[in-house]
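Q: Quick one: structure below, then a few questions.
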Amino acid sequence: MAAPVDGWLERDGVRLHFVEWRPDVGDAHEPPALLLHGLGSNARYWDRVVAHLPNRRLVALDQRGHGLTGRPPHAPRLETGFSMDSLLDDAVAVIDECGLRKPVVAGHSWGATVALELAGTRPEAVSGLVFIDGPVQSASSLFSWEDGQKFMQPPLPRFQSMTEARADAREEIESVWGDDLEPFVEARVIDDGDGLVLTLTAPVRLALLRGLYDSQPDVLWPSLSVPAVALLARDASPMVSSWKKQGAEMLAESAPHVTIKWFDTPHDIPLYAPAEVAAEIAAVGSSKKSESAAG
C-alpha cells in the first residue's frame with residue numbers, strides 16, 4: 018500500500034482534512050472504509066489498523082476540532098458548528114467527494130457514537146458498522162448532564178515541547194508504544210505561543226460531548242439495517258465496566274443481529290489489537306459483499 022496522502026474539502030466554510038490510503042493499482046478489490054477517531058485524537062490514530070488492510074481503500078477523517086480540520090480562519094462556529102448533524106454531514110461529504118461508494122464505517126470511542134449515528138440515521142451512506150468501545154447505551158440513562166461534565170471534562174494537557182508530548186503518550190500506552198505512533202502524537206497538538214496544546218479545546222470538547230450525551234444508541238441499535246459488530250474492551254474502571262456489561266446485555270436483547278466481541282485490552286483497542294480490528298473491518302465488508310451477491 019502507498020504512503021498516506023492528505024486530502025481536503027470545504028463544507029459550509031469549514032475546511033475538512035482527511036488522510037487517504039490507496040492500495041497499489043489493481044488491488045482495490047475490497048470494499049472501502051471510512052475511519053472516525055475519538056475525542057482528542059486524529060486521523061493518524063488509525064495507522065496501525067491500516068497496516069493490516071493493504072488491499073482496501075481507506076479514508077480517515079480529522080473530525081471537527083481535531084487535527085487539521087477547521088483551524089482558523091476555517092473554524093466552525095462554536096454555538097452551532099459542532100452538532101451531531103454537522104459531524105454526520107461532514108462524513109457524508111467525505112464519502113461523496115471521495116467516491117467511496119457505501120463504505121464500511123468504523124469508529125472508536127466518541128467516534129463510535131458518530132459512526133453508529135451515521136449507520137442508523139443515514140443507512141444509504143454506508144454498508145456496515147464497526148463500533149469500537151463507544152457508549153453502547155444512552156449516557157442520559159446512566160447519569161445527568163451536570164454529573165457527566167464533572168468526569169467527562171478533565172483538564173486538558175499542555176506540553177513544553179514535542180518531546181514532552183511524545184513522552185506523555187508513551188507513558189499512557191507504554192506496553193504498546195512504538196515510533197509508528199509519532200505522526201498521531203504530532204497531529205494532535207498545536208503551538209499556542211506558550212507551548213503545545215491539544216487541537217481540541219475545552220469549549221469544543223464540551224460541545225461535542227453534549228452531542229454524545231444526547232445520542233440515543235438504545236434506539237439506533239435495533240433499527241440498524243447494515244451488518245454491524247461492537248468491539249468492547251474489558252480493561253476499564255469498575256464503574257465503566259459495569260456500564261459496558263449493562264450495555265452489552267441490552268444490545269444482545271434488543272439487537273441480536275449485532276455481533277458483540279470482547280477484547281482483553283484497555284480502551285484503545287485499535288492500538289493494542291490492530292490486526293484484530295482490521296480483521297473485523299474486513300469481515301463486515303465481506304459479509305456485505307456476500308449479502309449483495311446472495312440478493
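This note's numbering puts the first residue of the sequence shown at 18, with every later residue one more than the last. All C-beta atoms in this analysis are idealised placements derived from N, C-alpha and C, irrespective of residue type, glycine included.
Using a Cβ-Cβ cutoff of less than 8 Å, which residues in the same chain neighbour Asp-235 once the five nearest sequence positions on both sides are dropped?
A: Within the sequence shown, the letter at position 218 stands for residue 235. Cβ neighbours of Asp-235 beyond the five flanking positions: Gln-154, Ser-155, Ser-158, Met-267, Ser-271.
Q: What are the boundary residues of the alpha helix (DSSP H) that Glu-266 is part of?
A: One-based indexing of the sequence shown puts residue 266 at position 249. Segment 255-271, the alpha helix (DSSP H) holding Glu-266.
Q: According to DSSP, what are the bridge partners of Ala-25?
A: Locating residue 25 in the sequence shown gives position 8, counting from the first residue. The sequence given here places Trp at residue 25; Ala does not occur at that position. His-34, per the DSSP bridge assignment.
Q: Check the C-beta distance from Leu-56 over to Val-76 and give it rounded, since I have them as a contact under 8 Å.
A: The residue given as residue 56 occupies position 39 in the sequence shown. The residue given as residue 76 occupies position 59 in the sequence shown. Incorrect: roughly 20 Å between the Cβ atoms, too far for contact.
Q: Can you tell me where the beta strand (DSSP E) with Trp-279 in it begins and where it stops?
A: Counting from 1 along the sequence shown, the entry for residue 279 is found at position 262. Segment 276-280, the beta strand (DSSP E) holding Trp-279.
Q: Among Asp-113, Val-257, Glu-27, Asp-79, whose alpha-carbon lies nearest the alpha-carbon of Phe-201?
A: In the sequence shown, the residue the question calls residue 201 occupies position 184. The option with the nearest alpha carbon to Phe-201 is Asp-79.
Q: Given a threshold of 16 other Cβ atoms within 10 Å of its Cβ, counted over all protein chains shown, does Ala-19 qualify as buried or as exposed?
A: The sequence position of residue 19 within the sequence shown is 2, counting from 1. Answer is exposed; the Cβ neighbour count stays below 16.
Q: Ends of the alpha helix (DSSP H) at Leu-159?
A: Within the sequence shown, numbered from 1, the residue matching residue 159 stands at position 142. Here Leu-159 belongs to no alpha helix (DSSP H), and DSSP marks it neither H nor E.
Q: So is Thr-97 buried or exposed if we call it buried at 16+ other beta carbons inside 10 Å?
A: Translated into positions along the sequence shown, residue 97 becomes position 80. Per the 10 Å Cβ criterion, exposed.
Q: Identify every run of the beta strand (DSSP E) within the region 97-122, keeping only runs that are complete inside it and at least 3 residues long; order them along the chain.
A: Those beta strand (DSSP E) runs which fall completely within the region 97-122 and span 3+ residues do not exist here.
Q: How far does the beta strand (DSSP E) with Val-153 in it extend, from its first residue to its last?
A: By 1-based counting over the sequence shown, the position of residue 153 is 136. Segment: none, Val-153 is in no beta strand (DSSP E) and carries neither H nor E.
Q: If the criterion is Cβ atoms closer than 8 Å, does the pair Leu-105 and Arg-139 meet it?
A: Residue 105 sits at position 88 when you count from the first residue of the sequence shown. Residue 139 sits at position 122 when you count from the first residue of the sequence shown. Yes. Within cutoff.
Q: For Gly-195, which of helix, strand or coil comes out of DSSP?
A: Within the sequence shown, numbered from 1, the residue matching residue 195 stands at position 178. DSSP places Gly-195 in coil when its eight states are reduced to three.
Q: Could you say if the region 110-117 and the region 80-96 meet the contact criterion of at least three C-beta pairs nearer than 8 Å?
A: Contact fails: fewer than three Cβ-Cβ distances are below 8 Å.
Q: Taking its Cβ as the centre, do 16 or more other Cβ atoms sit within 10 Å of Leu-33, making it buried, or is it exposed?
A: By 1-based counting over the sequence shown, the position of residue 33 is 16. Buried is the call here.
Q: Can you tell me where the beta strand (DSSP E) with Arg-73 in it begins and where it stops?
A: Numbered from its first residue, the sequence shown carries residue 73 at position 56. Per DSSP, Arg-73 belongs to the beta strand (DSSP E) from 73-78.
Q: If you draw a straight line from the alpha carbon of Ser-303 to that of Arg-74, how long is it in whole angstroms?
A: As a working mapping, residue 303 is identified with position 286 in the sequence shown. As a working mapping, residue 74 is identified with position 57 in the sequence shown. So the alpha carbons of these two residues sit roughly 14 Å apart.
Q: Consult DSSP for Leu-288 and reduce its assignment to one of helix, strand or coil.
A: As a working note, residue 288 is residue 271 in the sequence shown. DSSP places Leu-288 in helix when its eight states are reduced to three.
Q: Give a yes or no on whether the C-beta atoms belonging to Leu-237 and Gly-128 are separated by under 8 Å.
A: Against the sequence shown, residue 237 aligns to sequence position 220. Against the sequence shown, residue 128 aligns to sequence position 111. For Leu-237 and Gly-128, no; Cβs fall outside 8 Å.
Q: Expressed to the nearest angstrom, what Euclidean distance is found between the alpha-carbon atoms of Tyr-230 and Ser-161?
A: Position 213 of the sequence shown holds residue 230. Position 144 of the sequence shown holds residue 161. Distance between the alpha carbons of Tyr-230 and Ser-161 is about 9 Å.
Q: Short check: CB of Val-36 to CB of Asp-23, under 8 Å?
A: In the sequence shown, the residue the question calls residue 36 occupies position 19. In the sequence shown, the residue the question calls residue 23 occupies position 6. Yes, the Cβ-Cβ distance between Val-36 and Asp-23 is below 8 Å.
Q: Give the secondary structure of Ile-298 by DSSP, where H, G and I count as helix, E and B as strand, and everything else as coil.
A: Counted from its first residue, the sequence shown places residue 298 at position 281. If DSSP states are grouped into helix, strand and coil, Ile-298 belongs with the helices.
Q: Who pairs with Arg-175 in a beta bridge, going by DSSP?
A: To locate residue 175, count along the sequence shown from 1; it is residue 158. Beta-bridge pairing links Arg-175 to Val-214.
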